[in-house]
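Enquirer: Can you read through this structure? Questions will come right after.
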Amino acid sequence: MTLEVILFFLIAASAVGSALMMITRRNPVKSVLFLIINFFCLSMLYLFLHAQFIAIIQILVYAGAIMVLFLFVIMLLNLGDESLLTEKKSFRKWAGIAAAIVVFVELIVGLGLVWGNGQSQLSDQATAMGTVEFIGRSLYSNYFFPFEITSLLLIAAMVGVIVLAKRKAL
Amino acid sequence: MNQIPLQYYLLLSAILFSIGVVGVLTRRNAIIVFMCIELMLNSANLALVAFSAFLSNTNGQVLVFFVMAVAAAEAAVGLAIIVALFRNKQTVNIDEINIMKW
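So the sequence lines, in the order shown, correspond to chains A and B.
For the record, in the first sequence the residue sitting at position 42 is 42 according to this note's numbering, with numbers rising by one throughout.
Count along the second sequence from 1, then add 1000; that gives the number in this note's numbering.
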């Protein structure tokens, strides 16, 4: 057990714990805050994998931009606790948990984790691959067309959001 | 130097994805359902980055970049839809938003 392994298990445990807290809190603001903790844990795991660019983007885009948007909407709508929402069907909760367990088993079998045929060493180029330079080179050569399409998607989303949020009646 | 095998990352990714599935299927608040979808997207990102680093293939990290751009657009549009719904029905309970259900 080196320091790295211990740190990995600590971060993984806090990621799972914050995700569980996120889906069980009644108050949506607390859910958002736990999701932000989860995103920071994932960002640290990306650093473990030498993906520096993705780790920074994770914090900037997810924890910074998207979660602020969520918090903003929750406060704009002035939602109370979810206990005010009717919880009439409790069997659906158990059906949901059962379905999620089925999905989990499917993922485990599908990824082949039961047979343990994966790699145990990071590749030698992993450190060089996570840098902005390497990803930028790939983005502006092989993936140039999808990159431009992404800007179109963002424009379309911006226009759509303004139209949706401005209209008085649906 | 690095002693954490690929399986650990994939297992963590599967666990987080399943937690997201539980949230989507059991919660009634539309905003929290939406956050669970973000959690599932992130667990898929973790699997992509792990494969990318272990198999020395940049495509995984470029795909994560695109997933994040799409997630940002999707979050903005989804939250705008929730705001519009709340303005019309005064609720975000997905049991009461059933106009498109059979």
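For every residue, glycine included, the Cβ atom is placed at its ideal position computed from N, Cα and C.
1) Between which two residues does the alpha helix (DSSP H) holding Ala51 (chain A) run?
2) Quick one: which chain B residues come within Cβ less than 7 Å of Tyr140 (chain A)?
3) Which residues in the same chain have their Cβ closer than 6 Å to the Cβ of Ser1043 (chain B), if we skip the five residues on either side of it in sequence?
4) What residues in the stretch 1003-1023 of chain B have a beta carbon less than 9 Å from any beta carbon of chain A?
5) Between Val1062 (chain B) and chain A, is the shortest Cβ-Cβ distance under 8 Å, so that the two count as touching?
6) In this structure, how does DSSP classify Asn1098 (chain B) when only helix, strand and coil are distinguished?
7) Which residues in the same chain as Met174 (chain A) place their Cβ atom closer than 8 Å to its Cβ, once the five residues preceding and following it in sequence are excluded?
8) Where do the ends of the alpha helix (DSSP H) carrying Ile66 (chain A) lie?
9) How would you list, in chain order, the residues of chain B whose beta-carbon sits under 8 Å from the beta-carbon of Ile135 (chain A)?
10) What are the partner residues of Asn1029 (chain B), as DSSP defines its beta bridges?
11) Measuring only the C-alpha atoms, how far is Ile1094 (chain B) from Val16 (chain A)?
12) Give every residue of the same chain whose Cβ lies closer than 8 Å to the Cβ of Leu170 (chain A), excluding the five residues on either side of it in the sequence, and list them in chain order.
13) Could you tell me whether the stretch 62-78 of chain A touches the stretch 134-145 of chain A, using the rule of 3 or more Cβ pairs below 8 Å?
14) Taking all protein chains shown into account, decide if Thr2 (chain A) is buried (16 or more other Cβ within 10 angstroms of its Cβ) or exposed.
15) Can you give me, in chain order, the residues of the stretch 36-68 of chain A that have a beta carbon less than 8 Å from any beta carbon in chain B?
Expert: Put simply:
1) Boundaries for Ala51 (chain A): no alpha helix (DSSP H) harbours it, and the DSSP string shows neither H nor E there.
2) None at all; the shortest Cβ gap to chain B is about 11 Å.
3) For Ser1043 (chain B), where only same-chain residues beyond five positions count, the Cβ hits under 6 Å are Ser1013, Leu1016, Phe1017.
4) Residues Gln1003, Ile1004, Pro1005, Leu1006, Gln1007, Tyr1008, Tyr1009, Leu1010, Leu1011, Leu1012, Ser1013, Ala1014, Ile1015, Leu1016, Phe1017, Ser1018, Ile1019, Gly1020, Val1021, Val1022, Gly1023.
5) It does; some Cβ of chain A falls within 8 Å.
6) Note: Asn1098 (chain B) maps to coil in three-state DSSP.
7) It is not possible to answer for residue 174 (chain A), since the shown part of chain A is limited to 1 through 170.
8) It is not in any alpha helix (DSSP H) - Ile66 (chain A) carries neither H nor E in the DSSP assignment.
9) Those are Thr1058, Gln1061, Val1062, Phe1065, listed as they occur along chain B.
10) For Asn1029 (chain B), which the question treats as bridged, DSSP gives the partners B:Asn1093.
11) Their Cα atoms are separated by approximately 26 Å.
12) Here Leu170 (chain A) scores only 49 on pLDDT, less than 50, and its place in the model is too uncertain to base an answer on.
13) As far as the Cβ criterion goes, the stretch 62-78 of chain A does not touch the stretch 134-145 of chain A, which means the pair count is below three.
14) Under the 10 Å beta carbon count, Thr2 (chain A) is surrounded by fewer than 16 other beta carbons and is classified as exposed.
15) Taken in chain order, the members of the stretch 36-68 of chain A whose beta-carbon sits within less than 8 Å of a beta-carbon on chain B are Asn38, Phe39, Leu42, Leu45, Tyr46, Phe48, Leu49, His50, Ala51, Phe53, Ile54, Ile57, Gln58, Val61, Tyr62, Ala65, Ile66.
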